[in-house]
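J.:
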């Protein structure tokens with residue numbers, strides 16, 4: 129992740145790194161730009177909004193959360209397509225290997241030095257959950273309409289409702305197995321987002337408490353030094 133000043137005119141890159149030969153199946157995630165922007169603009173956004181001052185949890189966990197948040201911020205700014213962050217979140221909770229099937233690897237959160245940045249990130253995480261809920265609700269409505277269409281007298285009215293949802297009634301029956309699988313995946317993903325949000329809020333509270341303790345210690349040290357000078 130290139131956010132150092134010397135990389136301002138370079139590229140924003142995420143690539144697998146390991147101390148040994150990598151067996152990762154992932155080489156990169158590609159999200160097309162919605163409008164022209166420069167790496168300098170991304171770097172400026174990171175620094176201005178405090179997203180560059182990030183703290184991993186013990187063991188260096190939290191990079192995937194950071195990437196999702198940054199991607200979501202770029203999405204909200206109109207740099208990349210809508211739902212890019214949701215797509216990334218659906219792909220990242222796993223370890224991918226060229227040697228075996230993917231393995232579940234839940235996303236963990238870290239915190240930022242600035243409490244305001246942490247709160248902004250938590251809110252962005254909530255927005256992801258809200259967007260996913262909208263997708264789930266829409267798919268559940270389509271499923272209900274599909275069931276209603278089984279009765280011949282309902283089909284004309286159901287077709288109107290489906291068209292209002294931008295769904296072509298023709299061929300919907302063939303689509304339903306895939307739609308049901310996606311629905312189940314989204315429900316699971318929303319649950320993961322909610323669990324991660326709870327963890328993030330707890331981390332933010334701990335981070336704030338630690339910062340308060342450090343400030344108290346600094347003030348106490350300054351007072352002791354002043355007494356010593358007297």
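In our numbering, the protein residues as written are 129 to 358. Beta carbons are placed, not taken as given, at the ideal position from N, Cα and C, and that holds for glycine.
Where DSSP assigns a beta bridge to residue 224, which residues make up the other side?
T.: What you label residue 224 is simply residue 96 of the chain shown in a count that begins at 1. For residue 224, which the question treats as bridged, DSSP gives no partner whatsoever.
J.: What is the C-beta distance between residue 392 and residue 253, in whole angstroms, given that I count them as a contact (C-beta under 8 Å)?
T.: Nothing about residue 392 can be read from this structure; the chain reaches only from 129 to 358.
J.: Output the boundary residues of the alpha helix (DSSP H) element that contains residue 288.
T.: What you label residue 288 is simply residue 160 of the chain shown in a count that begins at 1. Looking at the DSSP string, the run of the alpha helix (DSSP H) that includes residue 288 is 283-292.
J.: What does residue 231 pair with, by DSSP beta-bridge criteria?
T.: By one-based count along the chain shown, residue 231 stands at place 103. Answer by DSSP bridge pairing, in chain order: 223.
J.: Less than 6 Å between C-beta atoms, sequence neighbours within five positions excluded: which residues of the same chain meet that for residue 218?
T.: Start at 1 with the first residue of the chain shown, and residue 218 comes out as number 90. Here the set comprises 317.
J.: Is the CB-CB distance between residue 271 and residue 197 below 7 Å?
T.: Position 143 of the chain shown, counted from the start, is the residue given in the question as residue 271. Position 69 of the chain shown, counted from the start, is the residue given in the question as residue 197. It is not a contact, given that the beta carbons lie outside the stated cut-off.
J.: Measuring CA to CA, which of 331, 284, 269 and 288 is closest to residue 304?
T.: As a first step, residue 304 must be located in the chain shown, where it is residue number 176. Checking every option, the nearest Cα to that of residue 304 belongs to 269.
J.: Would you mind working out which of 162, 336, 202 and 264 sits nearest residue 310, comparing C-alpha positions?
T.: Here the question's residue 310 lines up with position 182 in the chain shown. Minimum Cα distance to residue 310 is reached at 264.
J.: Please report how far the alpha carbon of residue 333 lies from the alpha carbon of residue 180, in whole angstroms.
T.: What you label residue 333 is simply residue 205 of the chain shown in a count that begins at 1. What you label residue 180 is simply residue 52 of the chain shown in a count that begins at 1. About 20 Å.
J.: Here's a check: name, in chain order, each residue in its chain whose Cβ is nearer than 8 Å to the Cβ of residue 261, leaving out the five neighbours to either side.
T.: The residue you call residue 261 lines up with position 133 of the chain shown. Correct list, in chain order: 318.
J.: Comparing C-alpha positions only, which one of 291, 255, 301 and 247 sits nearest to residue 211?
T.: Along the chain shown, one-based indexing puts residue 211 at 83. The option with the nearest alpha carbon to residue 211 is 255.
J.: Buried or exposed: where does residue 201 fall if 16 or more other Cβ atoms within 10 Å of its Cβ makes it buried?
T.: Working through the chain shown from its first residue, we reach residue 201 at position 73. When all chains shown are included, residue 201 counts as buried.
J.: For residue 166, does the three-state DSSP call read helix, strand or coil?
T.: For the purposes of this step, residue 166 is taken as residue 38 along the chain shown, with counting starting at 1. Correct three-state label for residue 166: coil.
J.: In the structure shown, what three-state DSSP assignment does residue 209 receive?
T.: The residue you call residue 209 lines up with position 81 of the chain shown. It is coil, neither helix nor strand.
J.: CB residue 195 to CB residue 238, shorter than 7 Å?
T.: Working through the chain shown from its first residue, we reach residue 195 at position 67. Working through the chain shown from its first residue, we reach residue 238 at position 110. No, the pair does not count as a contact, with Cβ atoms beyond the cut-off.
J.: Tell me the residue span of the alpha helix (DSSP H) that contains residue 265.
T.: Along the chain shown, one-based indexing puts residue 265 at 137. It spans 243-276 - the alpha helix (DSSP H) in which residue 265 sits, taken as one unbroken run.
J.: Tell me residue 239's beta-bridge partners as DSSP assigns them.
T.: On the chain shown, position 111 is the one that residue 239 refers to. Its beta-bridge partners are 183.
J.: Got a sec, what are the start and stop residues for the alpha helix (DSSP H) residue 203 sits in?
T.: Translated into the one-based positions of the chain shown, residue 203 becomes position 75. Residue 203 -> alpha helix (DSSP H) spans 191-204.
J.: Smallest Cα separation from residue 240: which of 287, 209, 298 and 177?
T.: As a first step, residue 240 is located in the chain shown; it is residue number 112 there, counting from the start. Comparing Cα-Cα distances from residue 240 to each of 287, 209, 298 and 177, the minimum goes to 177.
J.: Looking only at C-alpha atoms, which of 174, 244 and 267 sits nearest to residue 336?
T.: In the chain shown, residue 336 corresponds to position 208, counting from 1. The residue with the shortest Cα to Cα distance from residue 336 is 244.
J.: According to DSSP, what are the bridge partners of residue 161?
T.: Working through the chain shown from its first residue, we reach residue 161 at position 33. Answer is 208.
J.: Where does residue 299 fall in DSSP's three states?
T.: Locating residue 299 in the chain shown gives position 171, where the first residue counts as 1. Reduced to three states, the DSSP call for residue 299 is coil.
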